[in-house]
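In this note's numbering, the protein residues as written are -16 to 362. Report on the following structure.
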């Protein structure tokens, strides 16, 4: 069977990229942006002032364009129904969720939120064609943390859309990385107020309706924080199905640390010190898998399936066949040629390599012991 693996890390250091590289905050509406600044007492460091000024003007334009989009498309979007229950891809950061998402959307029956739609959820029906045609240079062709293919039209985490819409997301901590992490209660949604929860639900449904209106297809969604949100997602979409991908924790830890440091550099409004990143990863991993185990108990056997990253890499065609069979998705024979064509484009890539210290290995073995044992991983 063909094998595939994640791409090797890029050679260029992200810190050496030009400062004009767009920040994710340029997708906020004006009021979301203003609230983000106010929560951190407008503590933008001087070297990032020009970015704050740009985001302020751009966010105001998103607010106006969003109103215009609602005038033009609002009625049709409100009448739009999802084309079947969503398919959620779950997994901790750096476990292969992006690869699995890419493999699933090779099936043309499924739709997905694009990077542009997730970064600009307010007015993408008006502006996405313009950016894809005339301004593709504003988006890197590869992701900085692992060199996987990127672009405005590539699949993306709907978590970014929620963040841009001001619905509440742990990703807001990237703006001011030297402050204590904010909005962490939105990782599992279980300690926020009923009003905050309803606002979050409305934002997600509104975004998914917009994407469905544009694509007209059943949606496949990928967002690591959803791994801790099965309880809420099950309430919202009773017939949704969930695919969980797990990977060797001794690989996940350094890769996730690198991810957060990379994203902090890319989207910060203050020069990050990266203090506390390793501890944050250690704590969040445990919490996420505790909530995953709780959530799994709420699902029928036909709603949940797990795959190991290592098995997916070794035999992607076999792993995908098992997913299709488990959920009785049908259409596998029509899907297979497109899957094989995609696998041919990524053949030969190598995974990132990391070196752990003895102290790090011991800490992982101690604090992540339950997950390591549950999924059969060892040093």
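Beta carbons: idealized from backbone N, C-alpha and C, even for Gly. These numbers were taken from a predicted model, which means no experiment stands behind them.
query	result
Cα-Cα separation between residue 70 and residue 288, rounded to whole angstroms	11 Å
Bridge partner(s) assigned by DSSP for residue 288	226
Nearest neighbour of residue 110, chosen from 299, 213, 51, 175 [CA to CA]	51
Which of helix, strand or coil DSSP assigns to residue 339	coil
Close-in-space but distant-in-sequence residues of the same chain around residue 102 (CB under 7 Å, 5 per side omitted)	7, 10, 143, 147
Simplified DSSP assignment, three categories, for residue 61	helix
Separation of residue 300 from residue 326, as counted between CA atoms	9 Å
Pair within 7 Å by beta-carbon distance, residue 201 and residue 93	yes
Environment of residue 223 [buried if 16+ CB atoms lie within 10 Å]	buried
DSSP three-state assignment for residue 201, whether helix, strand or coil	strand
Enclosing alpha helix (DSSP H) for residue 236 [first to last residue]	232 to 250
3 or more residues per run - each beta strand (DSSP E) lying fully within the segment 38 to 121	70 to 73
Outcome for residue 33 when other beta-carbon atoms lying within 10 angstroms are tallied against a minimum of 16	exposed
Stretch-stretch touch, CB-based, cutoff 8 Å, three pairs: the segment 290 to 305 with the segment 38 to 55	no
From 320, 233, 212, residue whose alpha carbon lies closest to that of residue 272	212
Per-residue DSSP class, three states only, for residue 138	strand
C-alpha gap between residue 314 and residue 137, whole angstroms	23 Å
Among 61, 30, 235, 74, nearest to residue 337 - alpha-carbon criterion	235
Alpha carbon of residue 359 to alpha carbon of residue 295, nearest angstrom	16 Å
Nearest candidate by alpha-carbon position, reference residue 105, set 90, 190, 240, 198	190
Rounded separation between residue 246 and residue 268 - CA only	18 Å
Alpha carbon of residue 36 to alpha carbon of residue 162, nearest angstrom	21 Å
Residue 145 to residue 113 span [Cα, whole Å]	23 Å
Burial state of residue 155 (16 or more Cβ within 10 Å)	buried
Close beta carbons around residue 139, own chain, < 7 Å, minus the five adjacent residues each side	96, 97, 98, 101
Straight-line gap, residue 364 to residue 165 (C-alpha atoms, nearest Å)	Because the chain spans -16 through 362 in this model, residue 364 falls outside it and cannot be assessed.
Burial state of residue 153, where buried means 16 or more other Cβ atoms lie within 10 Å	buried
Boundaries of the alpha helix (DSSP H) in which residue 266 is found, first to last residue	260 to 279
N- and C-terminal bounds of the alpha helix (DSSP H) containing residue 308	299 to 310
Closest residue to residue 72 among 65, 158, 83, 322 (Cα-Cα distance)	83
Coil, strand or helix - residue 7 by DSSP	helix
Buried versus exposed, by CB contacts within 10 Å (16 or more), residue 12	buried
Of the listed residues 188, 158, 31, 90, nearest to residue 68 (C-alpha basis)	188
Reduced DSSP secondary structure (H/G/I, E/B, other) of residue 176	coil
Cβ pair count under 8 Å reaching 3, the segment 172 to 187 against the segment 203 to 219	yes
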